[in-house]
Structure formats: structure tokens, C-alpha cells
Amino acid sequence: YNRVHGYYIELSRRESEDAPVDYIRRQTLKNTERFITPELKEFEDKALSSKSRALAREKALYDELLDKLVEQLGPLQESAMALSELDVLSNLAERAETLNFCRPEILQSPGIEITEGRHPVVEQVLNEPFVANNVTFNVQRRMLIITGPNMGGKSTYMRQTALIVLLAHIGSFVPASQARIGLVDRIFTRIGSSDDLAGGRSTFMVEMTETANILHNATEQSLVLMDEIGRGTSTFDGLSLAWACAQYLADSVRAFTLFATHYFELTQLPE
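Just so we're aligned: the sequence shown equals residues 961 to 1231 in the working numbering.
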């Protein structure tokens, strides 16, 4: 068989001289002759058309199945939603028990108090014990300035706080020894640095656009994570931007804010 001539019977030149009369020559080569027969041609037609017939049959069966499913679409969707909810809840329960999570206390008053909080993912991939950390926010303590060396865990500390707040709001246990979480309307993040080539925006432009969105939309009920604001420009310009953003968030927006920075001068902001 080949894709050009289909199925055939191949005989040597000498054997071809004694070929039966119903053998029809299809191709002549240097040392061989290739023949077909009516029976072989019939088989070839069946074989080559079998794939298209199989696909047509498959489509017909699929359409028939869809017609039957449409009649039960409502109950099926309700069952799927119930199963998906059970799947999420069972996984949250399993993770809570396996990873030693605690049940958070949801507060009606604003504030966040996390004791020995952990990052649920980083903790599992480390080859050494994870260092748990506390976080405390209240009406008198709405901003934390986080500074320290590179690879010191500033971003992990911020992310774990946001994850704990998010998990508490969806009804999950949280990775901490104790957690008291007030209601938060939104979580805003400005973490990482990357440009937007398709949109024609530099790293600094992306950073400023995201920062502006946070400053315009955050409220007293929001949790804001700001990581290394001003890194995309010169030292003094970056310090000025970081200082202005931190001061605006603290004085005007008054959102609960974790503000990580490599500008040590920002630690003088409370003064």
C-alpha cells in the first residue's frame, strides 16, 4: 500500500508473466509489476472510506447524545455546581487538616490580627522550617513599612497576609496559629516588575498605571500591597514617588497597607 496507488499486489517481472487474467496492471517498475483485482479494489474502497464513515457515525452519535442531554440541562447544571462546590469544600477541609490550619475569627470591626502566619505554598516547598510571622492592623495602625535586604522575605510576608485574608473571606481555615480578620472590600496588589511590549508601556509606566489605579480605588476597607514602588526610575525620583504614595495611602485613603521598599528613608515617615 502507498498513498498514491492505494492497495496493490506486487509481483516480479518473471512472476507477472503468469499473473491471472483478472489482474489489472497498475504500475510498472524496473524489476516488479504492481496489479489490482476487482476484489482488492472493492476492499480498498471500503478501507479508505471507513475513516470518514466512522467520523460521520461518531458525529451522529454525539448529536444524538446532545439532544438527550438538552432535555436534562437544568438538573445537570445544578448537579455540576453542587459537585464543584463539594469538591472545593472537601479540598479546603483536607488542606486545613493536613497543613495544620486554624479557623479564623471574622470581625465586624475593621482590623487584621494574624499570629504566626505562614505562606501555604512556600512553606511546602522549602527544605527548611518556614519562619512564621505576625501581622497586626487596627484603626490606629493602618500601614506597615517593610524594609530589608533582597531575598529577605518581604514579598512572601506580604503575599501570605493577602492569602490568609482571602482564604478567611471564602470560608476557609487559614495557615496561622490564630487569626482575627475584619471584613475587606478588595485586595489591591502592586508586586513584581515587567513591561508591556504589546501595549507600548515600559516597566515604569506599568508600575505607575497600577499604582494610580490603587490610589484612585482603594478605600478604608481595602487591603493594599505595595512592593518596591519607584524601582523603575532614578534613586531620588523613586524615593519621592514612594514617599508620596505611602503618605497618600496613610493620610487620605487610610487603607490597610503593607508597603515594602528598599528606600530606608521611608521608615522616617511616621515622624
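Yeah, the Cβ is synthetic: ideal placement off N, Cα and C, and Gly gets one too. Since this is a predicted model, take the numbers as computed values, not measurements.
Simplified DSSP assignment, three categories, for residue i
| i | result |
| --- | --- |
| residue 1111 | coil |
| residue 1074 | strand |
| residue 1083 | helix |
| residue 1148 | strand |
| residue 1120 | helix |
| residue 1137 | coil |
Residues of its chain near residue i, where Cβ-Cβ distance is below 7 Å and the 5 sequence neighbours each way are ignored
| i | result |
| --- | --- |
| residue 1108 | 1114 |
| residue 1261 | Since the first residue of the chain shown is 961 and the last is 1231, residue 1261 is not available in this structure. |
heavy atom of the ligand ZN below 8 Å from residue i C-beta
| i | result |
| --- | --- |
| residue 1079 | For the structure depicted, the ligand ZN is absent and the ligand set is empty, with no information on it obtainable. |
Whole-angstrom distance between residue j and residue i, CA atom to CA atom
| i | j | result |
| --- | --- | --- |
| residue 939 | residue 1132 | With the chain covering 961 to 1231 only, the question about residue 939 has no answer from this structure. |
| residue 990 | residue 1025 | 55 Å |
| residue 1076 | residue 1128 | 15 Å |
| residue 1224 | residue 1106 | 9 Å |
| residue 949 | residue 1165 | This structure leaves residue 949 out entirely; the chain is present only between 961 and 1231. |
| residue 1059 | residue 1136 | 10 Å |
| residue 1144 | residue 1084 | 27 Å |
| residue 1154 | residue 1175 | 20 Å |
| residue 1044 | residue 1063 | 22 Å |
| residue 1094 | residue 1179 | 23 Å |
| residue 1163 | residue 1221 | 17 Å |
| residue 1015 | residue 1027 | 18 Å |
| residue 1041 | residue 1120 | 29 Å |
| residue 1068 | residue 1140 | 10 Å |
| residue 1230 | residue 1217 | 14 Å |
Cutoff 6 Å; reference residue i; Cβ partners in own chain excluding five residues on either side
| i | result |
| --- | --- |
| residue 1146 | 1182 |
| residue 968 | 986, 994, 996 |
| residue 1052 | 1132 |
| residue 966 | 1004 |
For residue j and residue i, believed in contact at Cβ under 8 Å, the rounded distance
| i | j | result |
| --- | --- | --- |
| residue 1102 | residue 1210 | 7 Å |
| residue 1171 | residue 1191 | Not a contact, Cβ separation roughly 12 Å. |
| residue 970 | residue 992 | 5 Å |
Cutoff 8 Å; reference residue i; Cβ partners in own chain excluding five residues on either side
| i | result |
| --- | --- |
| residue 1011 | none |
message: Ignoring anything shorter than 4 residues, give me the alpha helix (DSSP H) runs that lie fully in the segment 1160 to 1193, in order along the chain.
response: 1163 to 1177
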